[in-house]
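Peer 1: Note that UniProt numbering has the sequence shown beginning at 1, numbered continuously upward. Built from N, CA and C at the ideal position, the CB exists for glycine as well. Since we're looking at a predicted model, the values are computed, not measured. Below is the structure I would like to discuss, written out as structure tokens.
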Amino acid sequence: MVDFGLRFNHKGRHYFKAANGEDIALSLSIGAAMFNGHPDYERLIQIADEALYIAKRRGRNRVELCKASL
1 MVDFGLRFNH KGRHYFKAAN GEDIALSLSI GAAMFNGHPD YERLIQIADE
51 ALYIAKRRGR NRVELCKASL
């Protein structure tokens with residue numbers, strides 16, 4: 001996931017043509033959490049969500065990876 005996000009963002013801003021002909025800019029922010037073997041998947045999702053909002057606050061179009069603390 002992180003590798004995909006880095007490759008996608010490395011290529012710069014992406015534009016797509018809407019059905020009405022309008023150009024739509026697409027940005028991609030990814031928040032990822034490292035699985036450390038702990039069975040609490042809800043906490044893992046919460047950490048990934050926090051990483052996503054960190055990416056957005058830092059300027060979007062980026063990947064943030066957070067480690068779960070034990």
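Among Ala33, His14, Asp23 and Ile24, which residue has its Cα nearest to the Cα of Ala51?
Peer 2: Translated into positions along the sequence shown, residue 51 becomes position 51. Ala51 has its Cα closest to that of Ala33, out of Ala33, His14, Asp23 and Ile24.
Peer 1: How would you call Ala19, buried or exposed, if buried means at least 16 neighbouring beta carbons within 10 angstroms?
Peer 2: As a position in the sequence shown, residue 19 is number 19, starting the count at 1. Exposed, since its Cβ has fewer than 16 Cβ neighbours within 10 Å.
Peer 1: Going by DSSP, name the residue or residues bridged to Tyr15.
Peer 2: As a working note, residue 15 is residue 15 in the sequence shown. Answer by DSSP bridge pairing, in chain order: Ala25.
Peer 1: Rounded to whole angstroms, what is the Cα-Cα separation between Arg58 and Ser29?
Peer 2: Counting from 1 along the sequence shown, the entry for residue 58 is found at position 58. Counting from 1 along the sequence shown, the entry for residue 29 is found at position 29. The straight-line gap from Cα to Cα measures roughly 10 Å.
Peer 1: Residues in the same chain with beta-carbon distance under 6 Å from Glu64, minus the five sequence neighbours each way, listed in chain order, please.
Peer 2: By one-based count along the sequence shown, residue 64 stands at place 64. Taken in chain order, the residues that qualify are Gly31, Ala51, Ile54 and Ala55.
Peer 1: So what does Gly31 bridge to, in DSSP terms?
Peer 2: By one-based count along the sequence shown, residue 31 stands at place 31. Glu64.
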